[in-house]
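Please read the structure below before turning to the comments.
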C-alpha cells in the first residue's frame, strides 16, 4: 500500500520537521534536500523514511540541531572536520565544500570527518563535485551489521563508497554502493514482504548461510560483498575496512564495532575510542589531469561502448553505474514519490508530536 | 614440481634480463625489485613468472626499454604522466614519486598515467607512500577478461585497486585486490592442476556459469566481484569501472575493451582511443588529517580488535588485509622463493636467447 506525494509537499514537510528540531532555516533546507534526493533517486531506505530516526536520535541528545561545524586540522589539500554531533546531512556537504574549495586552488581536496551522524546517500555529496567538473568521492562508516570473512560478530557497517564522474552529453557515471553483498535496505524490504533472501546475503547466529531475513535480530550478520571466501568476501571486507579507516581512524571518529548505532533504542558502545561516526569525502579537478573536454569525450565514448556490450539476453542491456537512479529521478520528479503507508504513518506521528501539518498524498 | 631460489639469485638474474633488453642499470634494478616483491609476498602470478611476457612484448616493440617518462600536465597536487611505452614496473614508481613529492608539499598528490604497460603488484607502489607515513593508493586497468553484469563480452581487466595504511607496532594494513570475483592467477593455477573452479568465477561463451577453468579460451569471461546481480556483481563492475575511468579515461590511456593485451601473440585493438594502459596512484599525508601518532595508535587498536573478532571456527581467525602477504614475505625471505619447473624452463629459455647465465636452484 503506497501513497504518492509531490516532491514539493515532501520537501516542505521535511524542512518543517528539521526546523521543529531547532535546525536553522539553511540547515533544514539542506538536510531536506539530501533526503529528498534519495527518495527521488529511488533509494527509499535513505530518504524521508529515515526522518523519524533522526528525530529520535535528537530526542536522545545524540544529534545536535545547532552544531558548530568546523575545520580542526588542515593542510593545503587535506582537512579534518569536527561535525559537533550535527546531522550528517549538513556536516557532509560542509566537508565537501571544503574539499571543493581546496581542489579549486590546488587541484584536489580531501576531508575526513569525525563527530558526525548518518549522512544520507553518498551520491549526493559526490555529485556536488561533479557539478564543478570534478571527480567526487564520498564514503562513510556506519553502525556494525557486517561480519568480516570468518567472523561471527558484527564488526563493520555496510560502509558505502561512492565515485562520481562528469560525462559530456550523458549523465554522470556514479558508482554508489554498500560494500556488503546486499544493502540493509534490501533486507528490510524482505522482512516487510515476508520473503526469503538469497543465500550469500546473511549468516545466522552460528555463522551459517541463511535465507531468513530476520536472522539479524537473532545474532546474525550481513556478509561482505563476495559473500564467502571462495567468492572474494575478503575483498568486500577489505573495501569496508578501507572505508572504516579513511572515515573513522583517519578523522578520530569511531570505527569498527564502536560506530554508534543509528537506532535510538540501542545505546552507543561504552569506552568508544572516537567521536561519533566518520566520513571521508574528496574532489579532484578533471582539468588537473587533462582538458575537461577530452575527458568528457572519452567518458561519453566509454559509456556508449559499455552500453553496446554484447549481452547474454537481448532483453537485458548492460547498466551504466548511476543509470537506474537517474531514471528513477526523472520518473519521480514527474510522477511524485511513493511512500509505503507505514512510513507515512510514522512521519505523521512525528508531525503530531511537533504540532506540524500532516502529510496528505497529492500526486 | 618446484625449484627454490634465494632472493638474491632471482634478483640478479632478473636484473640481467632487463639489462639485456636495454634497460638502464637503475631501471633494471627497480623493475626486478617490483617483480621480486611480488614473488616474496606469495603473489606468484605477478612476479618473475611474467618476465618472459615482458620480453616478448619488448621483442614486438610494444615495450620501450629506454623510455622518456615525463609529466605532461599538472597542478599543485595532480599530474598526468606519459610512460613513453616503458615498463609499468618503472613508470608506476616514477608516478608514485611525483605523488609523494606533491603530498609532502601540499598534503596530497594524485597521478594518472598513460602510455604504460603492466605495473606488477599494486601493493608495491602503494607501499612507497606508507614508508613516508602516508596513505597509498594504486590501481591500474588491464587487458579485457571480465564481463560486466548482463554482458557476454570481455570489457574490463581484473583491474586491481590497492589502499595501504601505515600502522604503529603492527605491519601496514594493505587492501590489494582484483575487482573480479577471482584473480586470473587463480584461474591459471586451476588450469595447470586440472581442477574445476567454483561456480561464480567465470561464465562460458553462452554467458552461463561454468566450472571449467579453460572456458576463457572458448569465448568465456571472468565475472566481477559479487559473481551475479543478486550477489552484487554490479558493484564489482562499478569498482572495475572506477579503476578503468581513473586509470584510462582520466589519463588519456586506453580503456575498456581497447586496453592492449599483455600477451604478445594478441595484437592491440585497431582504432584504440588512447595510449597504452593506464594507472592511477596517490598519496595523502596522515598528518594532513591528524597527528601520525594518534592515527597509528587507533589503527593498532583497529587491528587488535578485528583480530580478536569472535569467529565461526576456532581454527580460523579473521585475517587483517595484507597479513598473508606479509607472512609469505617473512617465510620466503628466509627460505627462498619456489618456482614451478615450467616457469624456470621459461626463464632459462629467455636467458639462453640473451646469452645470460641460467638459473640454478640454490635455496
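Residue numbers (our numbering), protein chains in the order written: chain A, 82 to 444; chain B, 82 to 444.
For every residue, glycine included, the Cβ atom is placed at its ideal position computed from N, Cα and C.
Quiz prompt | Unbroken stretches of the alpha helix (DSSP H), 4 residues or longer, contained in the segment 271 to 359 of chain B | solution = 314 to 325
Quiz prompt | residue 426 (chain A) classed as buried or exposed, judged by whether at least 16 other C-beta atoms fall within 10 angstroms | solution = Its Cβ having fewer than 16 others within 10 Å, residue 426 (chain A) is exposed.
Quiz item: Relative to the C-alpha of residue 298 (chain A), which residue among A:226, A:131 and A:90 is closest?
Solution: Nearest C-alpha to residue 298 (chain A): A:226.
Quiz item: Going by DSSP, which residues form a beta bridge with residue 221 (chain B)?
Solution: B:360
Quiz item: From residue 272 (chain A) to residue 296 (chain A), what distance separates their C-alpha atoms?
Solution: 10 Å
Self-check item: Cβ neighbours of residue 140 (chain B) in the same chain (closer than 8 Å, five flanking residues each side left out)
Solution: 345
Quiz item: Bridge partners of residue 255 (chain B), per DSSP?
Solution: B:245
Quiz item: From residue 428 (chain A) to residue 90 (chain A), what distance separates their C-alpha atoms?
Solution: 13 Å
Quiz item: Would residue 395 (chain A) be called buried (16 or more neighbouring beta carbons within 10 Å of its own) or exposed?
Solution: exposed
Quiz item: Quick one, which of A:212, A:288 and A:125 has its alpha-carbon nearest residue 83 (chain A)'s?
Solution: A:125
Exercise. Express the C-alpha separation of residue 284 (chain A) and residue 335 (chain A) in angstroms, rounding to a whole number.
Key: 25 Å
Self-check item: Interface residues of the segment 169 to 189 of chain B facing chain A [CB-CB below 9 Å]
Solution: 183, 184, 186, 187, 188 and 189
Exercise. Hey, could you find the ends of the beta strand (DSSP E) residue 419 (chain A) is sitting in?
Key: 418 to 421
Quiz item: So what's residue 234 (chain B) in DSSP terms, helix, strand or just coil?
Solution: coil
Quiz item: Who does residue 190 (chain B) pair with in a DSSP beta bridge?
Solution: B:364
Quiz item: So which residues on chain A does residue 336 (chain B) lean against when the C-beta distance must stay under 8 Å?
Solution: 379 and 383
Quiz item: Any idea what DSSP makes of residue 441 (chain B), helix, strand or coil?
Solution: coil
Quiz item: Nearest to residue 180 (chain B) by CA position, among B:373, B:399, B:306 and B:363, is which residue?
Solution: B:363
Self-check item: Proximal residues, the segment 144 to 160 of chain B versus chain A, C-beta separation under 9 Å
Solution: 153, 154, 155, 156, 157, 158, 159 and 160
Exercise. Following the continuous beta strand (DSSP E) through residue 264 (chain A), name the residue where it begins and the one where it ends.
Key: Residue 264 (chain A) -> no beta strand (DSSP E), and no H or E assigned at all.
Quiz item: Which residues in the same chain have their Cβ closer than 6 Å to the Cβ of residue 202 (chain B), if we skip the five residues on either side of it in sequence?
Solution: 119, 124 and 127
Practice problem: From the DSSP output, in three-state form, read off residue 95 (chain B) for me. | Solution: helix
Quiz item: If the cut is a Cβ gap below 9 Å, which residues of chain D does residue 375 (chain B) touch?
Solution: The structure shown contains no chain D; the protein chains it does contain are A and B.
Exercise. Just confirm the distance between the C-beta atoms of residue 302 (chain A) and residue 235 (chain A), as a whole number of angstroms; I'd bet it's less than 8 Å.
Key: Indeed they touch by this definition, with Cβ atoms about 5 Å apart.
Quiz item: Under a CB-based cut-off of 8 Å, is residue 221 (chain A) close to chain B?
Solution: no
Quiz item: Along the chain, which unbroken stretches of the alpha helix (DSSP H) at least 4 residues long are found entirely within the segment 147 to 194 of chain B?
Solution: 169 to 187
Quiz item: Does the Cβ of residue 347 (chain A) have 16 or more other Cβ atoms within 10 Å, making it buried, or fewer, making it exposed?
Solution: exposed
Quiz prompt | C-beta contact flag for residue 306 (chain A) and residue 361 (chain A) at 8 Å | solution = no
Quiz item: So is residue 195 (chain B) buried or exposed if we call it buried at 16+ other beta carbons inside 10 Å?
Solution: buried
Quiz item: Would a C-beta distance cut-off of 8 Å place residue 188 (chain B) and residue 159 (chain A) closer than the cut-off?
Solution: In this structure, residue 188 (chain B) lies near residue 159 (chain A), with their beta-carbon atoms less than 8 Å apart.
Quiz item: Would you say residue 230 (chain B) and residue 315 (chain B) are within 8 Å of each other, going by their C-beta atoms?
Solution: yes
Quiz item: In the segment 349 to 363 of chain A, which residues sit with their C-beta less than 8 Å from some C-beta in chain B, listed in chain order?
Solution: 354 and 355
Exercise. Give a yes or no on whether the minimum CB-CB distance between residue 302 (chain A) and chain B is below 8 Å.
Key: no
Exercise. Taking residue 205 (chain A) as the query, report the chain B residues whose CB atoms sit under 7 Å from its CB, ordered along the chain.
Key: Result: empty, since nearest Cβ-Cβ is about 17 Å, beyond 7 Å.
Quiz item: Would a check of beta-carbon distances place residue 244 (chain A) closer than 8 Å to chain B?
Solution: yes
Quiz item: Under the DSSP definition of a beta bridge, which residues are partnered with residue 197 (chain B)?
Solution: B:358
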